[in-house]
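Presented below is the structure to which this report refers.
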Amino acid sequence: MAFSAPTVVGRIEDDGVYLSTAKSLADGRGYRHASLPGEPYQTKYPVLYPAMLSLGWRAGGSLDAAIFGGRLLNAVAATAGLAGAYVLMRRVWRVPRWLAASAIVITATHADWWDFIRQIMSEHVFGAFAMAGLAVAAAASKETPAHSADAEASPGIFPGISTASATTDRRILCVLAAVAGVLAGAAYLSRSIGLAAVVAVATGLLLSRRRGAAILAAAAGGAFVAGWLIWQSSAENLNRSLPQVSALAYDLSYESWIPEDAPTLFRVIFLNTSRLIVGMFAMVSSAGRWLPSMASTPGVLTVLAWTGALATLGLAGLGAAATYRRSALHVHLFLGLYFALVLVWPFDPARFLIPVLPLIVGAVLAGLHRFVARLGAIASSRLKLTPAGPAASGASSSAPSVGFSGAATLLAASVLVLINVGGASRILNDPYVQREAAQQAALAAELRSLPPGSVIASTASHVLALRTEHKAVPLVPAVRSTHLLYAPDARFSNIDGAISPAGIAAHECMIEQELTRYYEATGVTHVVCSDVGGGVAHHAYVRRHPERFQRLRTVGGRELFAFIPGGS
C-alpha cells in the first residue's frame, strides 16, 4: 500500500532536503544543499540518511528512482525496527509472546507507521538503529535470564550467549559493547535526537556494572557524535563566505529552534507535555486526525478525550513499571531521555512517537494486562473463588485472573488492529494528496520553461528544484518556532497545533518586514503563490505590492509572479 499510494514529496520540506542533499552526495559534490542558491553545506541534519538515499540516485539517476529507493529503504528499516522492538519486549521486558506479537501487529497496521514508509523521512531508519543498539546493549549488560527467576521462560538476548555467566568470553562482551555503541552512533547520525540512544547504551552498561563495556560503547558512539560535530563546525565556517547564508539560516542550523529564555522554555514544556499525552492516546487509538482538536475544545468531548489520554498514560506507566528490571534499565533510560528531549524541543511531539511506537504500544498492553490481572485477582478473592489456605489461594487466584487479563488484552489489541487497517486505507488513498501530487507535477512541468539561472520561491521548494533543475528557496523566511507555535499567548486551547493570535501576528510581521530583503538576498527571480501551507498572508502581501511582484500566469493551480528587486 505504501509503495502504490500517491504522496506529495516535499510537502514536509524535510523530505525535499534529504533528497536534495542525497543528490549532492551521489554527484560527488559533498554534503550540500543542491537546491539552494550557492549550494551551501548542509550543517543541520546529520548525514547518514541522505547518504543511504544517495544510493537510489546512483542506481537510478532520477528523482523518481531516488524516491522509490527511499521508500524501499524505509520499508526495510521499518521491518527491522519492528523486529528489534519484538526482541526487546521478549528478551528484555520479558512479556508474553502473544503480547509482544500483538504490539508488533498493532504497530505494523498503523496508518502513521505506513505513512512514514512512503514519506522520505528518517524516522524508520533512526528507529531501526536505536532498537538494534538497545538490543545488543542488553546482551552486554550484567543481568541476564540465566540468573533471574524467569530464566526458563526467556532465554538470553541472543541464544547461545550467556552474558552474565562466569565463562563469558570478554572478547564477546567487548564486541557486543562496541557494536551497541556503533548502532547507537548510527541512530544519532540518522536523527540528532539519537544522542539519547548513545547516552542510554553507555549509561545502562555502566549502571549494570559493566564498566569496561560502558567505556567501549561510549567511545564507539561518541566517535560518531564527535565526528559529526567537528565536520559541522568546519562546514559552517566554509558557509560563512556565501552571501546567501544569513538569509538561509533556518535551513542550515537549529539555532532558531532553541528557546531563548526560561518563560519560553516553560511554555514549550507545558504545551509539549499536553500534546504528548494527547498524542500518545491519539497514536495508540489511531484517532490522530481529530483527537487533539477535541481535547483542546471545552466541553464533554474534551473530558472524554482527556480521560482516555490520561488512562493511556497511566497504562503506559504501569507497563513500564511491570517490565522494569536491571537488564531493561538502558531501554527505560533511553525512553526517558528521548521524551525529555521531545518535551523541551519547540515542535509538535506527535512525529517523535513514530520511531518508538512499538515500545509505546507494548508498554500500554503490558500495563493493561497487569491492570486487568490485578482486578481479576481482587474480584476472585472477594467472590471467594479460591480454596482455603494460603498455598491454594496463591496458586488458583492468579491463573484465572491472568487468563482473563490475557484474553481482555488480546481482544483490545484485535480491535485496534481492525481500526488501524481501516485508517491506513483512508490515509494512504487520501484524494487531497492525489490531487496535490498531480498539481505539483503540472507546476514543475511549467516551471522548467523559465530562463536558466532562475531562482524560485515556493512551497516544496527543494523537490521543485530537483524537478526543474532551477534553484529554489522556501516561500517565506522562517519565524522562530517559539514565536509562531509557542507564542506568549499560546494556551491550553492551542495543544492541537493551532497558531495563537500572537503567533499569526509574528508571521505577518515577518512577511511585512523581511520578505523583500529575503528574496533579494537569495536572488529570487520568480515566486509561486499558494493559499496552502501558511501562504495566505504571503499571497495577500504579494497582491498589495504590484511594484515588486508582476503577475505572469497560473501554473499548476498556483499563481506565478516575477519578483522585481529594488521595487519601491
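First residue of the sequence shown? That's 3 in this note's numbering, and the numbers climb one at a time after it. Just so it is clear, CB atoms sit at the ideal spot from N, CA and C, and this is done for glycine as well.
- Taking a contact to require three or more Cβ pairs closer than 8 Å, the segment 171 to 190 and the segment 213 to 227 qualify as touching.
- The DSSP-derived three-state label of K25 is helix.
- A distance below 7 Å between beta-carbons, with the five flanking residues on each side excluded, links H371 to the following residues of its chain, in chain order: L101, S407, G408 and T411.
- Residue pairing by DSSP puts T556 in a beta bridge opposite E561.
- In the displayed model, I122 falls within coil according to three-state DSSP, outside both helix and strand.
- Unbroken alpha helix (DSSP H) runs of no fewer than 4 residues, entirely contained in the segment 3 to 88, are found at 16 to 28 and 50 to 62, following chain order.
- Exclusion of the five residues before and after V19 leaves H464 as the residues of its chain whose Cβ lies within less than 6 Å of its Cβ.
- In the same chain as L175, and ignoring 5 residues on each side of it, the C-beta atoms closer than 6 Å to its own belong to A142 and A215, in chain order.
- When Cβ pairs closer than 8 Å are counted between the two stretches, the segment 544 to 559 is seen to touch the segment 514 to 532, the count reaching three or more.
- With at least 16 other beta carbons inside 10 angstroms of its own, H112 counts as buried.
- By a beta-carbon distance limit of 8 Å, D491 contacts S502. Their separation comes to about 5 Å.
- By a beta-carbon distance limit of 8 Å, A199 contacts F336. Their separation comes to about 6 Å.
- Residue pairing by DSSP leaves V280 without any beta bridge partner.
- Cβ contact annotation for R450 (same chain, cutoff 6 Å, sequence separation greater than five): T470, in chain order.
- Remark: fewer than three beta-carbon pairs, one from each stretch, lie closer than 8 Å, so the segment 73 to 83 and the segment 268 to 284 are not flagged as touching.
- When the alpha-carbon of P261 is set against those of S287, W347 and G229, the nearest one is in W347.
- In the structure shown, A474 falls within a strand segment according to DSSP collapsed to helix, strand and coil.
- In the assembly as shown, E514 is an exposed residue. Its beta-carbon has fewer than 16 other beta-carbons within 10 Å.
- In this structure the segment 115 to 134 lies against the segment 8 to 28, because at least three pairs of beta carbons, one per stretch, are closer than 8 Å.
- Here N496 is buried. Its C-beta has 16 or more other C-beta atoms within 10 Å.
- In the displayed model, V526 falls within coil according to three-state DSSP, outside both helix and strand.
- Our two residues, E522 and P567, have alpha carbons roughly 6 Å apart in a direct line.
- Proximity of the segment 46 to 54 to the segment 190 to 199 meets the contact definition, three or more beta-carbon pairs being nearer than 8 Å.
- If you draw a 10 Å sphere on the C-beta of R242, you find fewer than 16 other C-beta atoms in it, and that means exposed.
- For the set A87, T461, S255 and L420, the Cα lying nearest the Cα of A439 is the one of T461.
- With contacts defined as CB atoms closer than 8 Å, L273 and Y43 fail to qualify as a contacting pair.
- DSSP places S210 in the coil class of the three-state scheme, outside both helix and strand.
- Under the three-state reduction of DSSP, F272 is assigned to helix.
- Contact between P479 and E516 holds, since their C-beta atoms are separated by about 5 Å, short of 8 Å.
- If the five residues before and after I458 are omitted, its C-beta is found closer than 8 Å to the C-beta atoms of L449, L452, L466, A467, T470, H472, K473, A474, V475, V526, T527, H528, V529 and V530, all from its own chain and listed in chain order.
- At a Cβ-Cβ threshold of 8 Å, A489 and G505 count as neighbours.
- In this chain, the beta strand (DSSP E) harbouring I458 covers V457 to S460.
- Of the candidates Y33, F70 and T109, the residue whose Cα lies closest to the Cα of G364 is T109.
- Here Y520 has A249 and P479 as same chain residues with Cβ atoms under 6 Å from its own Cβ, once five neighbours each way along the sequence are excluded.
- Boundaries of the alpha helix (DSSP H) around V333: L331 to V346.
- The shortest CA-to-CA distance from A284 to any of V344, G223 and P351 is the one to P351.
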